[in-house]
Amino acid sequence: MPESIAAIPPLSAAVRAYGAGGAASVGDFGAMVGDAARASLATLRTAEVTAARGVAGMADVQEVVQAAANAELTVQTMTQLRDKVVGAYMDVLRMAV
Numbered sequence: 001m002p003e004s005i006a007a008i009p010p011l012s013a014a015v016r017a018y019g020a021g022g023a024a025s026v027g028d029f030g031a032m033v034g035d036a037a038r039a040s041l042a043t044l045r046t047a048e049v050t051a052a053r054g055v056a057g058m059a060d061v062q063e064v065v066q067a068a069a070n071a072e073l074t075v076q077t078m079t080q081l082r083d084k085v086v087g088a089y090m091d092v093l094r095m096a097v
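Here UniProt numbering is used: the first residue of the sequence shown is 1, the next is one more, and so on.
(1) Would the beta-carbon of Ala59 fall within 7 Å of that of Thr46?
(2) Using DSSP with H/G/I as helix, E/B as strand and the rest coil, what is Ala52?
(3) Classify Ala88 as buried or exposed, calling it buried when 16 or more other Cβ atoms lie within 10 Å of its own Cβ.
(4) So, helix, strand or coil for Asp28, using DSSP?
(5) If you measure between the beta carbons of Ser40 and Met95, is that distance less than 7 Å?
(6) Taking Leu44 and Thr74 to be in contact with their CB atoms under 8 Å, please state how far apart those CB atoms are, rounded to whole angstroms.
Below, the structure is given as structure tokens:
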């Protein structure tokens, strides 16, 4: 099962961070988020390059579709993570001190 999760670029950093089974410290969480953001950006850039190659006729249609699907999955994952972070922040703001 970890192999199938590791295939999803935004989650692969999480699998690496927690794969050892140890608890992550605050610094590790920041590094994990940074790695996930960099991996997501790399996935989107790869999809752009592949789409440009497809328009130029230098890439197979299947390759272009796969890159677009990876980019779509990455954007959906990052959007949901952003929504969860904003929701958690709003919950903290509503807490009584």
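Ideal Cβ positions, reconstructed from N, Cα and C, are used throughout, including at glycine.
All values reported here derive from a predicted model rather than from experimental measurement.
Quick answer:
(1) no
(2) helix
(3) exposed
(4) helix
(5) no
(6) 6 Å
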